[in-house]
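In our numbering, the protein residues as written are 50 to 373.
Yeah, the Cβ is synthetic: ideal placement off N, Cα and C, and Gly gets one too.
Structure first, then comments.
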C-alpha cells in the first residue's frame, strides 16, 4: 500500500473516531447542568424569557438548566462566549433579534455571525411599540412625522444603544417617512423608558414586552405597534403600517449553540424545547409578556438570521450609518 493510501486511511479512521466519540457523547446528553448565556442584566425581558425556558426545560432534559448573565457590548460578550465554547451542548445562547443588527452595523466581530453557531429554534416573537408620554403633544404617528418635517433633528427618540434593533427601527421609520430624528442611545433598557415617561425624550421604539404594563396603566401612550395587523394585546392601538406602509417588524428570542454541535444533540434540544413551548403554562406566560411561542426548525432559524443581516445591511448602507 502506498503512502498516500496510508495517509487517506489514517484520516478516515480519525474522522470515524471523532464522529464516534461525538455520537457517544450525544447519546448520554446531558450528563451535567446546561448553561444558557444571556447578554443582558437580570430582570430584563430577555432574562425573564430565558429563566422561563430554563425552569421548564430542566425536568424535560433531566439536568439543571441555569441562566448565566453576561452583559456588555450590547449583548455581544455572551454571543462571543458561546461561539468559542466547546460544541458539546452545555453552553447555549439566548440569541436575539439584535444579533443580526450587530452583524450589520459592526465593522468587525470576534466571531462569524452565522457560521459560528448551531441554530436550534426561536422561542418567542413579539412586536415593537412606538410610544410617548401621555402629556406629549403627539397623539398619533402623523403628529410625529409632521413635527419632524417642520423641525428636522428636533424630535428625539431613545434606544438601548447604538446598533440595536431599537436604534435601527428609528432609522427605518425615518427612511420610510423622509424625516430626521435625533437618536439618544442609553446603556440600558430602564433609562429609555424613564426618560420618555419624564418627557425629556419625545418618543421611544421599544418592545411590547417592556412597554405593555406601562401602556395599560396609562403611564405611556402607544402611537403604533409593528405588527401586520392590530393586536388584542393592545386594543385600540393602530399598526405602524397604517401610517407607514411596509413597516412591519417582529422581534424574537431563540436558542443557539456553538457550531459543530453533534446532530443528535441539536435534535434533542429542538425536540425538548418545542415540547416546552407547547406547554399551556409557558404559552400563557409568553402571552403575558406580549409575545407568542414560536418553535421553528434549525434550518429555518438560520435562514431567518441570514435574511435579517441582509436587510439591516441594506438599511445601514442606505442611511449612511457609520459602522463601528
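DSSP bridge partner residues for residue i (one or two, in chain order)
i	result
residue 140	84
residue 307	166
residue 426	With the chain running from 50 to 373 in the structure shown, residue 426 is simply not present.
residue 234	208
residue 254	179
residue 288	274
residue 341	174
Cβ-Cβ distance between residue i and residue j below 8 Å
i	j	result
residue 124	residue 88	yes
residue 180	residue 245	yes
residue 372	residue 151	no
residue 303	residue 288	no
residue 331	residue 148	no
residue 178	residue 243	no
residue 214	residue 146	yes
residue 198	residue 228	yes
residue 217	residue 361	yes
residue 277	residue 297	yes
residue 141	residue 86	yes
residue 224	residue 364	yes
residue 326	residue 344	yes
residue 351	residue 163	yes
residue 248	residue 184	yes
residue 206	residue 190	no
residue 338	residue 94	yes
residue 212	residue 236	no
residue 293	residue 226	yes
Nearest-angstrom Cα separation, counted from residue j out to residue i
i	j	result
residue 222	residue 349	27 Å
residue 71	residue 204	Any answer about residue 71 is weak, because its pLDDT of 46 lies below 50 and its placement is not dependable; what the coordinates show is given next. Roughly 56 Å separates the two Cα atoms.
residue 264	residue 271	6 Å
residue 128	residue 306	9 Å
residue 253	residue 241	7 Å
residue 143	residue 192	37 Å
residue 381	residue 200	Any answer about residue 381 is impossible in this case: the structure gives the chain only from 50 up to 373.
residue 97	residue 312	28 Å
residue 370	residue 168	29 Å
residue 290	residue 182	21 Å
residue 251	residue 320	45 Å
residue 81	residue 138	10 Å
residue 73	residue 347	Since pLDDT at residue 73 reaches only 46, below the 50 mark, its modelled position is unreliable, and no value is offered.
residue 105	residue 329	11 Å
residue 286	residue 133	43 Å
residue 341	residue 258	11 Å
residue 295	residue 76	47 Å
residue 367	residue 78	46 Å
residue 208	residue 136	34 Å
residue 316	residue 83	16 Å
residue 269	residue 165	40 Å
residue 160	residue 120	17 Å
residue 219	residue 255	10 Å
residue 356	residue 301	14 Å
residue 359	residue 262	33 Å
residue 266	residue 195	28 Å
residue 122	residue 336	29 Å
residue 90	residue 275	25 Å
Limits of the unbroken alpha helix (DSSP H) element including residue i
i	result
residue 330	329 to 337
residue 364	347 to 367
residue 264	257 to 265
residue 107	94 to 110
residue 312	312 to 326
residue 220	214 to 226
residue 116	Counting along the chain, residue 116 falls outside any alpha helix (DSSP H), though it belongs to the beta strand (DSSP E) covering 114 to 118.
residue 297	That residue, residue 297, is in no alpha helix (DSSP H); it is neither H nor E in DSSP.
residue 125	125 to 132
residue 198	190 to 199
Bounding residues of the beta strand (DSSP E) (the contiguous stretch that carries residue i)
i	result
residue 271	270 to 274
residue 371	Where residue 371 is concerned, there is no enclosing beta strand (DSSP E), given that its DSSP letter is neither H nor E.
Below-8 Å beta-carbon distance, residue i vs any chain B residue
i	result
residue 179	Absent from the structure: chain B. Only one protein chain is present.
Open item on the list: Tell me whether the segment 102 to 110 and the segment 280 to 294 touch, counting them as touching only if at least three CB pairs, one residue from each stretch, are closer than 8 Å.
Closed with: no
Task: the segment 114 to 121 contacting the segment 161 to 174, beta-carbon criterion three pairs below 8 Å - done: no
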